[in-house]
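Asker: All residue numbers for the sequence shown refer to the numbering used here, where the first residue is 16 and numbers rise by one.
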Amino acid sequence: MRVSRSFLPVLKESPSDAQIVSHKLMLQAGLVRQTAAGIYAWLPIGYRVLRKIEQIVREEQDRAGAGELLMPTLQSADLWRQSGRYDAYGPEMLRITDRHKREMLYGPTNEEMITAIFRDDVKSYRDLPRTLYHIQWKFRDEVRPRFGVMRGREFLMKDAYSFDLDEAGARLSYYTQMLAYLRTFKRLGIQAVPMKAASGPIGGDLSHEFIVLAPTGESEVFYDAAFEEFDWARDSLDYSDEAGLHGLFEQVSTTYAATDETHDEARWADVPQDRRRTGRGIEVGHIFYFGEKYSSSMGLKVSGADGGMVVPHMGSYGIGVSRLVGAIIEASHDDNGIVWPEAVAPWKVGLVTMRGDDAASIAAADDLYARLNAAGVETLYDDRDERGGVKLGSMDLIGLPWQVIIGPRGLAAGNVELKNRRTGEKLELPIDAVVGHLT
Ligand code: ATP
Ligand code: MG
Ligand code: MG
Ligand code: MG
Numbered sequence: 016m017r018v019s020r021s022f023l024p025v026l027k028e029s030p031s032d033a034q035i036v037s038h039k040l041m042l043q044a045g046l047v048r049q050t051a052a053g054i055y056a057w058l059p060i061g062y063r064v065l066r067k068i069e070q071i072v073r074e075e076q077d078r079a080g081a082g083e084l085l086m087p088t089l090q091s092a093d094l095w096r097q098s099g100r101y102d103a104y105g106p107e108m109l110r111i112t113d114r115h116k117r118e119m120l121y122g123p124t125n126e127e128m129i130t131a132i133f134r135d136d137v138k139s140y141r142d143l144p145r146t147l148y149h150i151q152w153k154f155r156d157e158v159r160p161r162f163g164v165m166r167g168r169e170f171l172m173k174d175a176y177s178f179d180l181d182e183a184g185a186r187l188s189y190y191t192q193m194l195a196y197l198r199t200f201k202r203l204g205i206q207a208v209p210m211k212a213a214s215g216p217i218g219g220d221l222s223h224e225f226i227v228l229a230p231t232g233e234s235e236v237f238y239d240a241a242f243e244e245f246d247w248a249r250d251s252l253d254y255s256d257e258a259g260l261h262g263l264f265e266q267v268s269t270t271y272a273a274t275d276e277t278h279d280e281a282r283w284a285d286v287p288q289d290r291r292r293t294g295r296g297i298e299v300g301h302i303f304y305f306g307e308k309y310s311s312s313m314g315l316k317v318s319g320a321d322g323g324m325v326v327p328h329m330g331s332y333g334i335g336v337s338r339l340v341g342a343i344i345e346a347s348h349d350d351n352g353i354v355w356p357e358a359v360a361p362w363k364v365g366l367v368t369m370r371g372d373d374a375a376s377i378a379a380a381d382d383l384y385a386r387l388n389a390a391g392v393e394t395l396y397d398d399r400d401e402r403g404g405v406k407l408g409s410m411d412l413i414g415l416p417w418q419v420i421i422g423p424r425g426l427a428a429g430n431v432e433l434k435n436r437r438t439g440e441k442l443e444l445p446i447d448a449v450v451g452h453l454t
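(1) Helix, strand or coil for Gln418? Go by DSSP, reduced to three states.
(2) Give the DSSP-derived three-state secondary structure of Leu94 in the structure shown.
(3) Report yes if the C-beta distance between Thr146 and Ser177 is below 7 Å; otherwise report no.
(4) How is the beta strand (DSSP E) around Asp239 delimited, first residue to last?
(5) At 4 residues or longer, and completely inside the stretch 67-134: list those alpha helix (DSSP H) runs for me, N to C.
(6) Quick one, are the C-beta atoms of Ala103 and Leu120 less than 7 Å apart?
(7) Please report the distance separating the alpha-carbon of Leu415 from that of Gly365.
(8) Output the residue ranges of the beta strand (DSSP E) runs that lie fully inside the stretch 266-344 and measure 3 residues or longer, sorted by chain position.
(9) Using only CA atoms, which one of Glu157, Arg399, Ala427 and Leu85 lies nearest to Leu109?
(10) With respect to the beta strand (DSSP E) encompassing Met172, which residues constitute its N-terminal and C-terminal limits?
(11) Three-state secondary structure (DSSP) at Lys27?
(12) Which word fits Ala346, buried or exposed, when buried means at least 16 other C-beta atoms lie within 10 angstroms of its C-beta?
(13) Between the C-alpha atoms of Ile421 and Ala448, what's the straight-line distance to the nearest angstrom?
(14) Could you check where the alpha helix (DSSP H) with Met210 kicks off and where it finishes?
(15) Rounded to whole angstroms, what is the Cα-Cα separation between Gln418 and Lys441?
(16) By how many angstroms is the C-alpha of Asn388 removed from the C-alpha of His301?
(17) Quick check: Ala79 and Tyr254, are their CB atoms within less than 7 Å of each other?
(18) If Gln90 sits next to Met128, beta carbons under 8 Å apart, how far is it from one beta carbon to the other, in whole angstroms?
(19) So Lys35 and Phe162 are supposed to be a Cβ contact under 8 Å. How far apart are they, rounded?
(20) Assign Leu197 to one of two classes, buried (16 or more other C-beta atoms within 10 Å of its C-beta) or exposed (fewer than that).
(21) Leaving aside the five residues before and after Ile111 along the sequence, list all residues of the same chain whose C-beta is less than 6 Å from its C-beta, in chain order.
(22) Around the Cβ of Val405, are there at least 16 other Cβ atoms within 10 angstroms (buried) or fewer (exposed)?
(23) Whole-angstrom Cβ separation of Leu65 and Leu171, contact assumed at under 8 Å?
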């Protein structure tokens, strides 16, 4: 992408109305713009990041055997009356009336809808177990939308739902999602610790929140340092290995990690002093097992192997895709701006000419840009006739993992500079070696 042809509105000043660093940086680097309280338009940079996160979430759901579908954002109130949640949900639900005076709502979550869809087509035990998911916008009329996309009213969520014939099967589905979550967050380049959670309004008895550590997080957290040291997402564990999945869950449950809501001083006291970690964290995912809550209230049952009817056990599994954009920035930035983990960076490389009026620099940069594109290296090319310092400042702010800087002096010797955004390390190398270095 050439900066001269794109819409990348970078602000000179840090916005004063944002309270936390990720929100400031998202506004300043031009990732989002608020269009109404808690509702955001995703500008090109922000949207690229959002899509990368979404894709990693999708790949890990698919790998864990979940099937993707897409349910609508608008739902009928009648659906929610079947579970009894229409009245129970409260003012966070945005209620809408259509021209025929039918009551509708903008979905804050999809348990009711998926249960109804599954109920209407699945009749036999042979069609279970199944886990289905979608990645769709949700609306919750938060009392205090704040911190930008971190607590928006409209936000993007991946929500998966599992259907099993009994509790043992449902637990296995839960452990499968737990592993998928650990892998997802690892690929996103962040550390998210699974913490025992109170199950809240959805109900049920087994629940974990995945928390990214950040000083601006809304929850206070307490956890064993083992969560930082051990590779929980290890690739050696296969989804078909039931004993391995049970073992993983056992290990997660017996290694202490809790938010202020579930913190247990007695168990905390058993964690060796030097392994106790405390801090603050952001909830980026939440998984629940809630048994027959929706299947029984909504009449989902299938014929069992012995001819009798079976009420499936369900679980639901959410990831805050849009919240993650903010959470990743909270966890990965410095004084100059965002420092994207490579997996979610909007582009891998920023190409900058220090002198946008120097014909030789322009020719060399145009040529390198074409070669990077041909090699499949995602590149943002700042081809504007703007001061070099200004361009470097916005590259740092935008936070791409690599910068290739072309200046007349180096170029005379056939060289350019390659800068690593995270470490700040600079390497002078022949212009012809750049593509090889970045692939
Ligand atoms: P919170 O405690 O932050 O209000 P929640 O517990 O109400 O979140 P869940 O119902 O567990 O949220 O939804 C699953 C995920 O959706 C959350 O873990 C979070 O990542 C994301 N999420 C929830 N509410 C919002 C919001 N208002 N803005 C952005 N993401 C959200
Ligand atoms: Mg909430
Ligand atoms: Mg919560
Ligand atoms: Mg939650």
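Cβ coordinates follow ideal geometry from the N, Cα and C atoms, glycine included.
Answerer: Walking through what the data contain:
(1) For the purposes of this step, residue 418 is taken as the residue at position 403 of the sequence shown. Gln418 falls in the strand class under three-state DSSP.
(2) The sequence position of residue 94 within the sequence shown is 79, counting from 1. If DSSP states are grouped into helix, strand and coil, Leu94 belongs with the helices.
(3) As a first step, residue 146 is located in the sequence shown; it is residue number 131 there, counting from the start. As a first step, residue 177 is located in the sequence shown; it is residue number 162 there, counting from the start. Yes, these two residues count as a Cβ contact at 7 Å.
(4) Reading the sequence shown from its first residue, position 224 is the one you call residue 239. That run of the beta strand (DSSP E) goes Ser234 to Asp239.
(5) 92-98 and 100-103
(6) In the sequence shown, counting from the first residue as 1, residue 103 sits at position 88. In the sequence shown, counting from the first residue as 1, residue 120 sits at position 105. It is not a contact, given that the beta carbons lie outside the stated cut-off.
(7) Counted from its first residue, the sequence shown places residue 415 at position 400. Counted from its first residue, the sequence shown places residue 365 at position 350. The C-alpha of Gly365 is placed about 6 Å away from the C-alpha of Leu415.
(8) 272-274, 291-306 and 328-335
(9) Position 94 of the sequence shown, counted from the start, is the residue given in the question as residue 109. Taking only the C-alpha atoms, the option nearest Leu109 is Glu157.
(10) Position 157 of the sequence shown, counted from the start, is the residue given in the question as residue 172. Per DSSP, the continuous beta strand (DSSP E) segment holding Met172 begins and ends at Glu169 to Asp179.
(11) Position 12 of the sequence shown, counted from the first residue, corresponds to residue 27. Coil.
(12) Taking the sequence shown and counting its residues from 1, the one referred to as residue 346 is at position 331. Burial call: buried.
(13) Here residue 421 refers to the residue found at position 406 of the sequence shown. Here residue 448 refers to the residue found at position 433 of the sequence shown. So the two alpha carbons sit approximately 13 Å from each other.
(14) Taking the first residue of the sequence shown as 1, we reach residue 210 at position 195. Counting along the chain, Met210 falls outside any alpha helix (DSSP H), though it belongs to the beta strand (DSSP E) covering Ala207 to Lys211.
(15) Translated into positions along the sequence shown, residue 418 becomes position 403. Translated into positions along the sequence shown, residue 441 becomes position 426. Using only the alpha carbons, I get a separation of about 9 Å.
(16) Looking up residue 301 in the sequence shown gives position 286. Looking up residue 388 in the sequence shown gives position 373. If I take the Cα positions, the gap works out to 38 Å.
(17) On the sequence shown, residue 79 is found 64 positions in, with the first residue counted as 1. On the sequence shown, residue 254 is found 239 positions in, with the first residue counted as 1. In this structure, Tyr254 lies closer than 7 Å to Ala79 by Cβ.
(18) Taking the sequence shown and counting its residues from 1, the one referred to as residue 90 is at position 75. Taking the sequence shown and counting its residues from 1, the one referred to as residue 128 is at position 113. Confirmed, Cβ separation roughly 6 Å.
(19) Numbered from its first residue, the sequence shown carries residue 35 at position 20. Numbered from its first residue, the sequence shown carries residue 162 at position 147. Position check: residue 35 holds Ile in this sequence, whereas Lys was assumed. With 8 Å as the limit, Ile35 and Phe162 qualify as a contact, their Cβ atoms being about 5 Å apart.
(20) The count along the sequence shown starts at 1 and reaches residue 197 at position 182. Its Cβ being crowded by 16 or more others within 10 Å, Leu197 is buried.
(21) As a working mapping, residue 111 is identified with position 96 in the sequence shown. Here the set comprises Met119.
(22) In the sequence shown, the residue the question calls residue 405 occupies position 390. Exposed: under 16 other Cβ atoms inside 10 Å.
(23) Mapped onto the sequence shown, residue 65 falls at position 50. Mapped onto the sequence shown, residue 171 falls at position 156. 7 Å between Cβ atoms; contact.
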